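To start, the structure itself, in structure tokens.
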Amino acid sequence: MIRQTKSPPSQLYLIMGFVGLFAVLVGFSTTFIIPVSRNTFIAPPLIYIHGALAMCWVSLYLLQVLLIRSKNLKIHKQLGIIGLLIALSIVVTLLPTGMHQVERELAEGLGQTATSSLVGILFSGLIFGGLVISGIANRKMPCIHRNFMLLATLVLIWPGWFRFRHLFPNVSDPAFWFGFVLADTFIVISILWDRVVHGKFNTTLLTFGLLIILENTLELYFFDSPWWQELANKIYFLIKK
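Take the sequence shown: its letters are residues 14 to 254, numbered as in this note's numbering.
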């Protein structure tokens, strides 16, 4: 029988907070962090803002976990309002940031493949936003709340894992190994960890975790298919207007 666990949070959330920081700092090290530090990265201000917002979310997630572990619920709740504003800002800036990436890749000659990435970016924003809103809606049910926020964070750091391809350029099919296997491994770990610790599956982690993996699987399979390209082009021209 699959039920919600009511036990106190385990080490899982703390570890995944550090995993999130690792994915962002290492994944974006060669494409953003190091170039910015050397003044060799040139982009519109919105790109810096979006990057800062994503880093703020991951950092805030870890801080919120630490506050819960120290039983400082008052500050945790106050920071939750800031977290909501950060999440909404990430969703709002996601597509414009993606458009900048698409325009750059089009200039590099990637063609339709560059434009097709807009569909995945749109889906990621909708999933991240939906998970955050679900977490906030269930804030009075700590077990459900923290698992929605965990999954939202794991979705947000996906670009960090995918950029590991720049660190390991010899890996064939990086979309599969970094964007699918590596990224989704931490969802599987979270599901199984909770099962081992509590002796039962957590409904939120299991259901929505598997749905995220399913979405990633379908995205990997259908990417750049005719209907995918058509949808991507519609998104592209809609934003360009």
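From the three backbone atoms N, C-alpha and C, an ideal C-beta is built for every residue, glycine too.
Keep in mind the model is a prediction, meaning the values are calculated, not measured.
Same chain, Cβ closer than 6 Å to residue i, neighbours up to 5 away in sequence not counted
| i | result |
| --- | --- |
| residue 278 | Any question about residue 278 goes unanswered here, given that the chain covers just 14 to 254. |
| residue 27 | 78 |
| residue 112 | 252 |
| residue 144 | 161, 164, 165 |
| residue 152 | 158 |
| residue 125 | 242 |
| residue 182 | none |
| residue 17 | Caution is warranted here: a pLDDT of 45 is assigned to residue 17, below 50, making its placement in the model unreliable, and the coordinate value is therefore given only provisionally. For residue 17, where only same-chain residues beyond five positions count, the Cβ hits under 6 Å are 156, 216. |
| residue 33 | 71, 166, 170 |
Assumed close pair residue i, residue j - CB separation to whole angstroms, cut-off 8 Å
| i | j | result |
| --- | --- | --- |
| residue 5 | residue 62 | Past the boundaries of the shown model lies residue 5; the chain is included only from 14 to 254, so the question cannot be answered. |
| residue 168 | residue 137 | 6 Å |
| residue 108 | residue 225 | Rounded, the Cβ-Cβ distance is 20 Å, inconsistent with contact. |
| residue 157 | residue 217 | 5 Å |
| residue 133 | residue 232 | 6 Å |
| residue 29 | residue 199 | 7 Å |
| residue 104 | residue 142 | 4 Å |
| residue 23 | residue 210 | 5 Å |
| residue 25 | residue 206 | 5 Å |
| residue 45 | residue 54 | 6 Å |
Where the alpha helix (DSSP H) through residue i begins and ends
| i | result |
| --- | --- |
| residue 110 | 86 to 120 |
| residue 160 | 155 to 169 |
| residue 36 | 25 to 40 |
| residue 143 | 125 to 150 |
Same chain, Cβ closer than 8 Å to residue i, neighbours up to 5 away in sequence not counted
| i | result |
| --- | --- |
| residue 43 | 176, 179, 180 |
| residue 119 | 127, 128 |
| residue 115 | 127, 128, 130, 131, 249 |
| residue 184 | 178, 190, 191 |
| residue 197 | 225, 226, 229 |
| residue 80 | 86, 88, 89, 92 |
| residue 188 | 175, 233, 236 |
| residue 70 | 96, 99, 100, 103, 166, 169 |
| residue 59 | 106, 109, 110, 113 |
Sequence-distant residues of the same chain with beta carbon closer than 7 Å to residue i, five excluded per side
| i | result |
| --- | --- |
| residue 246 | 128 |
| residue 222 | 164, 200, 203, 204 |
| residue 57 | 113 |
| residue 254 | none |
| residue 66 | 99, 102, 103, 106 |
TODO: Kindly provide the ranges of any alpha helix (DSSP H) runs that are 4 or more residues long and lie completely inside the region 206 to 238, ordered along the chain.
DONE: 216 to 235
Open item on the list: Across the region 240 to 251 and the region 122 to 137, are there enough close Cβ pairs to call them in contact, namely three or more that are closer than 8 Å?
Closed with: yes
Open item on the list: Just to confirm the assignment: which complete alpha helix (DSSP H) runs, minimum length 4, are found wholly within the region 42 to 82?
Closed with: 47 to 50, 58 to 82
- [ ] Check whether the region 171 to 185 touches the region 35 to 49, counting contact only when three or more Cβ pairs, one atom from each stretch, lie closer than 8 Å.
- [x] yes
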